[in-house]
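Before any comments, here is the structure.
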Amino acid sequence: MYTIVNCLKAMDNKKPYIVMIIVQFAYAGMSILSKAAMTEGMNPYVFVAYRQALATLALAPFAFFLERKTAPQLSLTLLIKIALVSTGITMSLNLFYVALKFVSATFATALTNTSPVITFVLAVCLRIESLSIRETHGVVKVIGSAISLLGALICTFARGPALYSDNADLHLPKQSYSKKDWVFGSFIILVANSTWCLWLIMQGPIIKQYPSKLRLVALQCFFSCVSSAVWAYGNERNIESWKINCNIDIFSVIYCGVIINAIAYWLQVWVSDKKGPVFAGSFGPLALVITAIFSAFVFREILHWGSVCGAILLVIGLYGILWGKSREEKAEEIKIEAEKEGGEKEEEDIC
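For the sequence shown, UniProt numbering gives the first residue as 1, with consecutive numbering after it.
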């Protein structure tokens, strides 16, 4: 019986890891479907507005019925805070598409994988995450973040020889970008990443004020839907651009709206509350590896040795961050237990 209890406890502790891996598979699917929808000519800003609207509609019934008895009172001040936090979703999604006008999609994807490092730096600056460079786990977290960033860059830029020769001689036309556009586009991508990381970091503090996670995510999707619709209308007023013309557009909007914006966002909020924003953000580059492998086997895209080496570094860096986090949690638990035992001993001495 004791063994069964220990196994169940161990499984419960592994839930955040399993959830984040599933989320990264979902994000890999989002990348592929979004690319397909954009190729068919769908306006990216309209796409964002539609997926936010669908996410709101998908979450609203569950948020209302499942949490109607447990949801705390929602004040105007808290509602404004939630609205402000939701701009992180709107800004990150739309700014990414703005940046694609100035840099290549490959370079944009590479910079997107700086999110674990940005999350870690912002969390430390906001004192949500401890640096602890004097402790082994703190040093490992820093090194792991750096290795993860290096792996993301190598995975994208250091192509190297192909793993197999199928279509290896295919040369696609390349679009050129000016140095000014490249710098500006890079800056926009970093701003987009920072707003996303800030959104992830702010989930912890706002959950403490409003612990009803389903309603919290539903409200954020609603506010993001409104701001995304305004953004899309400001950039595209042609009514024809708002029409969904083919099946891949419909499927992409449904997938991104329900699976990503509704379910994956809620899961990330849950993990961020359980393990912290750095833990949740550190899994981001894993989606790049999954997408590369999936594209290689399904779409027959060429997989290069540079991508493989970068993927290995990504995994090593991710393992370093997770190891550091687990050690930090154990040290915190030991500290709390020691303080608790010390308090009980003081009470006994007084008695």
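Ideal Cβ positions, reconstructed from N, Cα and C, are used throughout, including at glycine.
* Three-way DSSP call (helix, strand, coil) for Asn43 in this model -> Walking along the sequence shown from the start, residue 43 turns up at place 43. Correct three-state label for Asn43: coil.
* **For Arg68, the three-state DSSP class (helix, strand or coil)** => The residue you call residue 68 lines up with position 68 of the sequence shown. Three-state DSSP puts Arg68 in coil, outside helix and strand.
* Same chain, Cβ closer than 8 Å to Asn193, five either side skipped, listed in chain order -> Here the question's residue 193 lines up with position 193 in the sequence shown. Hits under 8 Å: Ser92, Leu111, Thr112, Thr114, Ser115, Ile118.
* Asked: Which whole-angstrom value describes the C-beta separation of Pro277 and Gly204, a residue pair presumed to lie in contact below a C-beta threshold of 8 Å?
  -> Residue numbering aside, residue 277 sits at position 277 when the sequence shown is read from its first letter. Residue numbering aside, residue 204 sits at position 204 when the sequence shown is read from its first letter. Between Gly204 and Pro277 the Cβ distance is about 6 Å, and since that is below 8 Å, they are a contact.
* Taking Thr330 as the reference, which of Asn247, Phe120, Phe64, Glu135 has the closest Cα? -> Translated into the one-based positions of the sequence shown, residue 330 becomes position 330. Residue identity differs from the one stated: residue 330 is Lys in this sequence, not Thr. Among Asn247, Phe120, Phe64, Glu135, the Cα nearest to that of Lys330 belongs to Glu135.
* To do: Report all residues from its chain with a CB closer than 6 Å to the CB of Gly138; omit the five preceding and five following residues, and keep chain order.
  => Against the sequence shown, residue 138 aligns to sequence position 138. Once the five neighbours on either side are set aside, the close Cβ partners of Gly138 are Leu131, Ser132.
* Glu337 versus Lys274 - alpha carbon distance -> For the purposes of this step, residue 337 is taken as residue 337 along the sequence shown, with counting starting at 1. For the purposes of this step, residue 274 is taken as residue 274 along the sequence shown, with counting starting at 1. Approximately 19 Å, taken between the alpha carbons.
* Simplified DSSP assignment, three categories, for Phe102 -> Locating residue 102 in the sequence shown gives position 102, where the first residue counts as 1. Coil.
* Asked: Excluding five sequence neighbours on each side, which residues of the same chain lie with their C-beta closer than 6 Å to the C-beta of Val98?
  -> Indexing the sequence shown from 1 puts residue 98 at position 98. If we look at Val98 and ignore the five residues flanking it on each side, its Cβ neighbours are Ile188.
* Asked: Where does Gln73 sit, in a helix, a strand or coil, going by DSSP?
  -> As a working mapping, residue 73 is identified with position 73 in the sequence shown. Of the three classes helix, strand and coil, the one that applies to Gln73 here is coil, per DSSP.
* Asked: What is the C-beta distance between Ser212 and Ser86, in whole angstroms, given that I count them as a contact (C-beta under 8 Å)?
  -> As a position in the sequence shown, residue 212 is number 212, starting the count at 1. As a position in the sequence shown, residue 86 is number 86, starting the count at 1. Actually they are not in contact, since the Cβ atoms of Ser212 and Ser86 sit about 15 Å apart, beyond 8 Å.
* From this set, Gly320, Leu100, Trp323, Phe294, which residue's C-alpha is nearest Ile32's C-alpha? -> Taking the sequence shown and counting its residues from 1, the one referred to as residue 32 is at position 32. Answer by Cα proximity: Phe294.
* Asked: Three-state secondary structure (DSSP) at Lys174?
  -> For this step, residue 174 is matched to residue 174 along the sequence shown. With a pLDDT of 47 at Lys174, under the threshold of 50, the modelled position of that residue is not reliable, and no figure is offered here.
* Asked: Can you tell me whether Asn43 is buried or exposed, with buried defined as 16 or more other CB within 10 angstroms of its CB?
  -> As a working note, residue 43 is residue 43 in the sequence shown. By the 10 Å Cβ count, Asn43 comes out buried.
* Can you list, in chain order, the residues of its chain whose CB lies under 8 Å from that of Ile254, leaving out five sequence neighbours each side? -> Here residue 254 refers to the residue found at position 254 of the sequence shown. Excluding sequence neighbours, Ile254 sits near Leu54.
* Determine the direct distance from the alpha carbon of Thr39 to that of Pro173, and round the result to whole angstroms. => Residue 173 sits at position 173 when you count from the first residue of the sequence shown. Residue 39 sits at position 39 when you count from the first residue of the sequence shown. Caution is warranted here: a pLDDT of 47 is assigned to Pro173, below 50, making its placement in the model unreliable, and no coordinate value can be reported.
* Asked: Does the count of Cβ pairs from the stretch 45–65 and the stretch 246–262 closer than 8 Å reach three?
  -> yes
* Asked: Candidates Leu214, Lys15, Leu84, Arg127: which alpha carbon is nearest Phe64's?
  -> Within the sequence shown, residue 64 is the residue found at index 64, counting from 1. Here the closest residue by C-alpha is Leu214.
* Would you say Gly151 and Gly310 are within 8 Å of each other, going by their C-beta atoms? -> Counted from its first residue, the sequence shown places residue 151 at position 151. Counted from its first residue, the sequence shown places residue 310 at position 310. Yes, these two residues count as a Cβ contact at 8 Å.
* Asked: Does the distance from the C-beta atom of Ile201 to that of Leu216 stay below 8 Å?
  -> The sequence position of residue 201 within the sequence shown is 201, counting from 1. The sequence position of residue 216 within the sequence shown is 216, counting from 1. Not a contact, by the Cβ cut-off of 8 Å.
* Are there 16 or more other CB atoms within 10 angstroms of the CB of Ile239, so buried, or fewer, so exposed? -> For the purposes of this step, residue 239 is taken as residue 239 along the sequence shown, with counting starting at 1. That one is exposed.
* To do: Flag this pair as touching only if the stretch 20–31 and the stretch 283–292 have three or more C-beta atom pairs under 8 Å; answer yes or no.
  => yes
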